[in-house]
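Here our numbering is used: position 90 in the sequence shown is 92, and no number is missing along the way. Backbone N, C-alpha and C define an ideal beta-carbon position, used for all residues, glycine too. Encoded as structure tokens, the structure appears first; notes follow it.
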Amino acid sequence: MNILGIETSCDETAAAVVRDGSELLSNVVASSLDLHAAYGGVVPEIAARSHIEYITPVIDEALSTAFPTAEDPWREIDGIAVTYGPGLGGSLLVGVLAARTLAILKDRPLYAVNHVAAHAFANFLTSTSLPNYTLPANPPTFPMLSLIVSGGHTQLVLFRSHFDYNVLGQTNDDAVGEAFDKVAKIIGLPYPGGPSISKAAESGDPAAYKLPKARMENKYDFSFSGLKTAVLRTAQAVIGESFSFPSHQIAERLTGTQREDLAASFQRVAVDTLLDKTLQACEEFAPACIVVAGGVAANQSLRSALKEQLPLPVNYTDFKLCTDNGAMIAAYGCFAAANGVEPSNAYSLDVEPSLSM
Ligand code: KG4
Ligand code: ZN
């Protein structure tokens, strides 16, 4: 079973082909990240316009890479999977309309995919002949505890099987990746904030500044907006200003060391928070395996902390499959087809920007 996966929920236009949920045949990602960097975050209109430009070439390349010798690669494709939410409305629309059109034209079943759940499915990919991928040797087993951490989402989910899961907790405000991005902006590091904070943190002292950990009513829920504000207040104090000092003028007043120390102190609390809750869930639910998914799963400090502290080895997929991609959507589509999930109506599938798990 070969599924074409299409993903356009944010700023990446992505398509991939996956066989049987485990073999990665192609994975093509065109990002409009550079176009957004100047604004310090994703600009929805720019993202949507850039999806329109990239969607056809990206799908074509995914098909030709997967089946380089096929006269018509579509003969090899058994179904189409597409992200229909959550995400930016205009961006989602481009992928969903492309997928609906192809499903009708090529007469293939169409699977509507929840982007957040799909992040976890990237971990089921265990083989590929594509160059430069490091994939886990074995797929996750159930019950699977999944820490999904990205720019839009922060959730702990317990999967009993592919489509039977419980959301144990989620963020009540900012996602952890969003906090990395916002803190980076305050202290003057480039967008996206995740990679630039973790790089600056390497030379910083994680104990330099005391920052708070949020206490939540549901112990598996998260909150990162207080931590972000605490970084803002600390940075204002460090440069000798009050809480009313404009945040966009802070960065230029920080020394390199102060910037690195703020980055390291913030990252330590963010990583500790994720670690604490994953550890607690692990104790309470005794999962057979743990996966970490989403853009923030690329964070080295999070990876080492989990590796050291968790009682089970954590499955990590390739860095390229942590951030948004079509392969996770295609993998989800394969399991949906294999588990008898009803395909969507290609004439009416709509986007759901606020879709939850
Ligand atoms: O999964 P993703 O590509 O998109 C969403 O679905 O949101 O995640 C993007 C997020 C951004 O907030 C980015 O700053 C963060 O992942 N990120 C990281 C790292 N690399 C990317 N956060 C922390 N450390 C990293 N190394
Ligand atoms: Zn994502």
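Check, Outcome
"Opening and closing residue of the alpha helix (DSSP H) in which T67 lies", "P46 to A68"
"Whole beta strand (DSSP E) elements within the region 140-173, 3-residue minimum", "146-151, 156-163 and 166-172"
"Member of C324, S358, V343 and R261 whose CA lies at the smallest distance from the CA of T136", "C324"
"Contact test: D183 Cβ vs the ligand KG4 heavy atom, cutoff 7 Å", "yes"
"First and last residue of the uninterrupted alpha helix (DSSP H) at V293", "Taken as a continuous stretch (DSSP letters only), V293 belongs to no alpha helix (DSSP H), being part of the beta strand (DSSP E) at C291 to A295."
"Continuous beta strand (DSSP E) stretch holding A18: start and end", "E14 to R21"
"Residue interval of the alpha helix (DSSP H) (run including A333)", "G328 to A340"
"Segment limits, beta strand (DSSP E) that includes L112", "L112 to N116"
"Neighbour-count burial assignment, Q172, 16 or more Cβ in a 10 Å radius", "buried"
"V233, DSSP secondary structure in three states", "helix"
"Where N341 falls, given that 16 or more other Cβ within 10 Å makes a residue buried", "exposed"
"A300 beta carbon near the ligand KG4 (any heavy atom closer than 7 Å)", "yes"
"Test item: CB-CB of S152 and G179 under 8 Å", "yes"
"Per DSSP, cross-strand counterpart(s) of N406", "In the structure as shown, the chain starts at 3 and stops at 359, and residue 406 therefore has no counterpart that could be examined."
"Cross-strand partners of L26 (DSSP beta bridge)", "V20 and T130"
"For A101, three-class secondary structure by DSSP", "helix"
"Close beta carbons around I48, own chain, < 7 Å, minus the five adjacent residues each side", "S34, L37 and H38"
"F123 and A300 closer than 8 Å at C-beta", "no"
"At least 3 beta-carbon pairs within less than 8 Å: the region 111-130 vs the region 75-91", "yes"
"Sub-8 Å separation of A290 and T71 beta-carbons", "no"
"Proximity test, S152 beta-carbon vs the ligand ZN heavy atom, cut-off 7 Å", "yes"
"Inter-residue CB distance, I5 and G91 (contact presumed, cutoff 8 Å)", "Their Cβ separation, rounded to whole angstroms, is 25 Å, which puts I5 and G91 out of contact at 8 Å."
"L229 vs L277 beta-carbon contact at 8 Å", "no"
"Inter-stretch contact at 8 Å, needing at least 3 Cβ pairs: the region 199-213 / the region 257-276", "yes"
"Cβ-heavy atom distance, T325 to the ligand KG4, below 7 Å", "yes"
"Cα-Cα separation, V293 to Y318", "6 Å"
"Reduced DSSP category for I79 - H, G, I as helix; E, B as strand; rest coil", "coil"
"Rounded straight-line distance, which links the Cα of A265 to that of A253", "12 Å"
"Three or more C-beta pairs below 8 Å linking the region 53-66 and the region 10-23", "yes"
"Contact the region 344-356 vs the region 92-102: 3+ CB pairs below 8 Å", "yes"
"Any non-hydrogen atom of the ligand KG4 closer than 7 Å to E180 Cβ", "yes"
"The ligand ZN heavy atom lying under 7 Å from the CB of G196", "no"
"Selection from T280, V30, K184 and A105 that minimises the alpha carbon distance to R77", "A105"
"Helix, strand or coil at T259 [DSSP, three-state]", "helix"
"DSSP three-state assignment for L191, whether helix, strand or coil", "coil"
"Paired residues, beta bridge with T85 - DSSP", "V115"
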